[in-house]
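>
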Amino acid sequence: MITRDGAKEVAITTLTFGAAGFACAWAALNISAWFWIGAVPTLLLWGFVLSFFRDPPRTIPDAPGLMVSPADGKVTEIARLEDGWPGIDEPVLKISIFLSVFNVHVNRAPCDGAVLGTLYERGEFLDVRHPESGMRNERNSITIDPDADYGPIIVRQIAGLVARRIVCHIDKGDRVTRGARFGMIKFGSRTDLIVPASSGLEPAVKLGDTVRGGATILMRPGA
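Counting from 1, position 186 in the sequence shown corresponds to residue 174 in this note's numbering; the numbering is continuous, with no gaps.
1. Which value, in whole angstroms, describes the spacing of the CA atoms of glycine 35 and threonine 106?
2. Just checking, does the region 83 to 102 make contact with the region 161 to 179 on the three C-beta pairs under 8 Å criterion?
3. Whose C-beta lies closer than 7 Å to the C-beta of serine 187 among residues of the same chain, with five residues either side of it excluded?
4. Looking at C-alpha atoms only, which residue of Leu104, Gly148, Asp135 is the closest neighbour of arginine 110?
5. What residues in its chain sit with their C-beta under 6 Å from that of valine 155, if we drop five residues either side in the sequence?
6. State buried or exposed for aspartate 28, treating a residue as buried only when at least 16 other CB atoms are found within 10 Å of its CB.
7. Helix, strand or coil for aspartate 280, going by three-state DSSP, please let me know.
8. Which residue's Cα is closest to the Cα of tyrosine 108: Phe90, Trp73, Arg144?
9. Contact between the region 184 to 203 and the region 40 to 60: three or more CB pairs below 8 Å?
10. For proline 191, which of Ser84, Asp71, Ala(-1) has the nearest alpha-carbon?
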């Protein structure tokens, strides 16, 4: 399954590489068999684009009070920030997920709730593993009021060194359901989940863990 947000890129790539592959095949049959070699990188690049925009189905956990991962990737930061966060005037817990170009890049809602607003900010395109990338890179913050009484949470999409386009299909007044697709970041990026420390939620993952959007439990109520 291919995400709708990649339809344009997949169509252009298929036409371009299809023409290149046809040219290589014609040359191999009519000029020299060595031209078959040219078909190999063409097929590999086409396969990479299809893989990048894949959107596999996911089984969404249904236990109450959970936060599922908003993205596929690797957990690169778990932090408590005592100074809070814009829009959350108390200490927060932040979990950051790094998405390589080989991960699924579809973003999913971590919980059921109402969208209170979105904030898109232009910026730079530093490698998202850079310590200042979260505040300097192009980014989009989505504030959600969860149905569970946790106070507002924030999902933040951050563009990276390769990623140059953030896609978000939800806005203020919309409702989201846990695991529902809401957008993507194209070609490598980072996604953050920020929740109030007073929510009682605790990380269900550790640094270095690999997570799957919509399927991996990222946070759960503490004991």
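Even for Gly, the Cβ is constructed at its ideal location relative to N, Cα and C.
On the basis of the supplied data:
1. 34 Å
2. yes
3. Tyr138, Gly139
4. Gly148
5. Asp(-7), Gly171, Met172
6. Just to set this straight, residue 28 is valine in the shown sequence, not aspartate. Label assigned to valine 28: exposed.
7. No answer is possible for residue 280: it lies beyond the span of the chain, which begins at -11 and ends at 211.
8. Arg144
9. yes
10. Ser84
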